[in-house]
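S.K.: What follows is a structure written as structure tokens; I'll ask about it next.
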Amino acid sequence: METRVLVTGFEPFGGETVNPALEAVKKLEGRVFEDADGSIRIVAAAIPTVFGKSIHALEKAIESEKPDVVICVGQAGGRYHITPERVAINADDARIPDNAGNQPVDSPVVDGGPVAYWTQLPIKAMVKAIQEAGIPASVSNSAGTYVCNHIFYGLMHLLETKYPEVRGGFIHIPFLPEQVVNREAPCMSLDQIVHGLEISVQVAARQQTDIRMAAGKES
Ligand code: PCA
87 METRVLVTGF
97 EPFGGETVNP
107 ALEAVKKLEG
117 RVFEDADGSI
127 RIVAAAIPTV
137 FGKSIHALEK
147 AIESEKPDVV
157 ICVGQAGGRY
167 HITPERVAIN
177 ADDARIPDNA
187 GNQPVDSPVV
197 DGGPVAYWTQ
207 LPIKAMVKAI
217 QEAGIPASVS
227 NSAGTYVCNH
237 IFYGLMHLLE
247 TKYPEVRGGF
257 IHIPFLPEQV
267 VNREAPCMSL
277 DQIVHGLEIS
287 VQVAARQQTD
297 IRMAAGKES
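Okay, here's the thing in structure tokens:
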């Protein structure tokens, strides 16, 4: 049996010329992993870094690709680790305009929607498996309030209301080395990011429930 995993990446934003998420998902497109339970196929989609439009693009990709699992990926400049996100909140609050010039402040992602949605991915099992491959990873407890949290919340709302048989969640990744050559900020090679995401896809495709592992933070 084939498990289909839709992996999405955002277009560059905020003055950057690349987005590591888009670069990584381009490399993941079409990858197939064979294991004892069958095969896992990755399908990829590029998503505009635009409030509203990003959720529509995601829904179109879900409609056409018919995935079993959806993992949206975005850049979190300043982070050191690959960070699967725990929770999406119903709040848009943009520090900078998106790629279409929108800058919502304190508006809901979905009017009347629940305050938050938990991820449906086994994020601790993912973090453990990525770490075991020698790649820095940790759980994040906030996806922010920009377009990444927006699509994460939009995804979880879609799955809750329209696609209950599909599971999904979100992963933030660091800058690429080429983005930080002239500023002091953490980065990760594209190879490591891609490998970390390959591991995430396989764990997410095969594990419905998470492991018990302390991975919290004080702040
Ligand atoms: N990162 C932004 C939006 C697009 C992306 O890759 C964020 O973290 O909200």
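In our numbering, the protein residues as written are 87 to 305. For glycine and all other residues, C-beta sits at the position ideal for the given N, C-alpha and C. The structure displayed is predicted, hence computed values, not measured ones.
Please name the residue in P200, L283 and P260 whose C-alpha comes closest to that of T247.
M.R.: Within the sequence shown, residue 247 is the residue found at index 161, counting from 1. That would be P200, whose Cα lies nearest to the Cα of T247.
S.K.: Quick one: Cα of D178 to Cα of A122, how far?
M.R.: Numbered from 1 along the sequence shown, position 92 holds the residue referred to as residue 178. Numbered from 1 along the sequence shown, position 36 holds the residue referred to as residue 122. Each residue's Cα considered, the two are about 42 Å apart.
S.K.: I want to know whether the region 162-177 touches the region 217-231 - three or more CB-CB distances under 8 Å.
M.R.: In short, these stretches touch, since the Cβ pair count reaches three.
S.K.: For ligand 1, enumerate in chain order all residues having a CB closer than 7 Å to any of its heavy atoms.
M.R.: Result: F96, F99, N105, A107, T135, G160, Q161, A162, A229, G230, Y232, V233, C234, N235 and H258.
S.K.: Give me whichever residues DSSP pairs with D178 in a beta bridge.
M.R.: Residue 178 sits at position 92 when you count from the first residue of the sequence shown. Per DSSP, S193.
S.K.: If A291 and V156 are in contact, beta carbons under 8 Å, what's the gap, nearest whole angstrom?
M.R.: The residue you call residue 291 lines up with position 205 of the sequence shown. The residue you call residue 156 lines up with position 70 of the sequence shown. Not quite, the Cβ-Cβ distance comes to about 11 Å (not below 8 Å), so this is no contact.
S.K.: Taking the CB atoms as reference points, tell me whether H258 and C273 lie closer together than 8 Å.
M.R.: Taking the first residue of the sequence shown as position 1, residue 258 is located at position 172. Taking the first residue of the sequence shown as position 1, residue 273 is located at position 187. The answer is no: Cβ separation not under 8 Å.
S.K.: Which partner residues of T89 appear in the DSSP bridge assignment?
M.R.: As a position in the sequence shown, residue 89 is number 3, starting the count at 1. DSSP, once it has assigned bridges, lists I126 as partnering T89.
S.K.: On the three-pair Cβ rule with 8 Å, is the region 139-156 touching the region 211-227?
M.R.: Output reads no: the region 211-227 does not touch the region 139-156.
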